[in-house]
Amino acid sequence: MPSQDQTINIPQLIIILVLGALAIRYFFFSSPSSSTANRAANSASNIRAREADVERIQQMFPQVSRRSIMWDLQRNGGNVVATTERILSGRGLEVPPQSFQPPLPASASSTPSSNTPAQAKALQPDLITRYNLKSKLEEQSTSSAIPPEEETKKQGQAWSANKGERQALLQRRREEMILAARRKMEAKVAAEAALGKPGL
1 MPSQDQTINI PQLIIILVLG ALAIRYFFFS SPSSSTANRA ANSASNIRAR
51 EADVERIQQM FPQVSRRSIM WDLQRNGGNV VATTERILSG RGLEVPPQSF
101 QPPLPASASS TPSSNTPAQA KALQPDLITR YNLKSKLEEQ STSSAIPPEE
151 ETKKQGQAWS ANKGERQALL QRRREEMILA ARRKMEAKVA AEAALGKPGL
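Going by our numbering, the first residue of the sequence shown is number 1, and it counts up by one from there.
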């Protein structure tokens, strides 16, 4: 009986090497990069979800600090119900340690949308201050107002060919419009105050 020697021919050897290389690449090289990308996407979505949870709890309980809410959510695995129950039971939330640094909220980067109306007014000065019209406002309050006929005569002046005169004319008109609007607002507030309604 002839002995059958099992030999590996060249095509079989090539197939084994290709499959081995693919297996090694799959197990050692491709999984960390794809899992890192998945972890990064999951952590970003977790941070957004955690921020939404913190916002929801803070809307219900504005007296509780944002940092304490984030610490409690981190401790209990993001369980909003447990955090809410802890606050409602009167036990309060634990004070987070000094080493706990929560991520900055996403709304902090968009400061204009998070400004309160009082902060927005503080950032935008009124027109009297913006155009330095306090002196003209004081002059108008001490002197009598210009009759409307004279105002229309002033506005009927021809358009000047000189750029400086045109600019001065436009600036004067702007100032007159601002001061006229101010007078109307003051008259309206005075009329409301006379009727007993709360003013602006």
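Glycine included, each C-beta is placed from N, C-alpha and C at the ideal position.
Three-state secondary structure (DSSP) of residue i
{"i": "V54", "result": "helix"}
{"i": "P11", "result": "helix"}
{"i": "W159", "result": "coil"}
{"i": "F61", "result": "coil"}
{"i": "A108", "result": "In this predicted model, A108 has a pLDDT of only 46, less than 50, meaning its place in the structure is not dependable enough to derive any value."}
{"i": "V95", "result": "coil"}
{"i": "Q167", "result": "helix"}
Under 7 Å between C-beta atoms of residue i and residue j
{"i": "V95", "j": "D53", "result": "no"}
{"i": "L93", "j": "D72", "result": "yes"}
{"i": "I178", "j": "L127", "result": "yes"}
{"i": "I57", "j": "I69", "result": "yes"}
{"i": "R75", "j": "P102", "result": "no"}
{"i": "L133", "j": "E186", "result": "no"}
Residue burial classification, residue i (beta-carbon count within 10 angstroms, cutoff 16)
{"i": "R50", "result": "buried"}
{"i": "L22", "result": "exposed"}
{"i": "I10", "result": "exposed"}
{"i": "V18", "result": "exposed"}
{"i": "T7", "result": "exposed"}
{"i": "T142", "result": "exposed"}
{"i": "T83", "result": "buried"}
Span of the alpha helix (DSSP H) around residue i
{"i": "R75", "result": "66-75"}
{"i": "R86", "result": "80-88"}
{"i": "Q101", "result": "Element bounds for Q101: n/a, residue is neither H nor E."}
{"i": "R25", "result": "Neither: R25 is in no alpha helix (DSSP H) and is coded neither H nor E."}
{"i": "Q140", "result": "134-142"}
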